[in-house]
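Report on the structure given below.
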Amino acid sequence: AQKDMALATLGAIIAMLVTAAINASLKRDFARELAESLRVKRGAPLGEEEIAKMLRERRG
1 AQKDMALATL GAIIAMLVTA AINASLKRDF ARELAESLRV KRGAPLGEEE
51 IAKMLRERRG
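The sequence shown begins at 1 in the numbering used here and counts up one residue at a time.
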């Protein structure tokens, strides 16, 4: 079972790398878009009070 999971993980990583390589070759701004998607949007760390406030606002 562990060997199967390792091979499945390896296959997924290869598929993601191939997809990223194709996107990088076809899209000029792929690297910028990728970096922007991974950037932390809020600079300040959130405490539990701020998280509770965000959850209340989301619920309406």
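Glycine included, C-beta positions come from ideal geometry on N, C-alpha and C.
Coil, strand or helix - residue i by DSSP
i          : result
residue 53 : helix
residue 3  : helix
residue 44 : coil
Contact belief for residue i with residue j at Cβ below 8 Å, rounded distance in angstroms
i          : j          : result
residue 24 : residue 15 : 15 Å between Cβ atoms; not a contact.
Nearest-angstrom Cα separation, counted from residue j out to residue i
i          : j          : result
residue 12 : residue 2  : 15 Å
residue 48 : residue 55 : 10 Å
residue 57 : residue 46 : 15 Å
Cβ-based neighbour list, residue i, same chain, cut-off 8 Å, excluding 5 preceding and 5 following
i          : result
residue 27 : 33
Beta-carbon proximity list for residue i, same chain, < 7 Å, skipping 5 on both sides
i          : result
residue 20 : none
Span of the alpha helix (DSSP H), counted from its first residue to its last, around residue i
i          : result
residue 32 : 30–38
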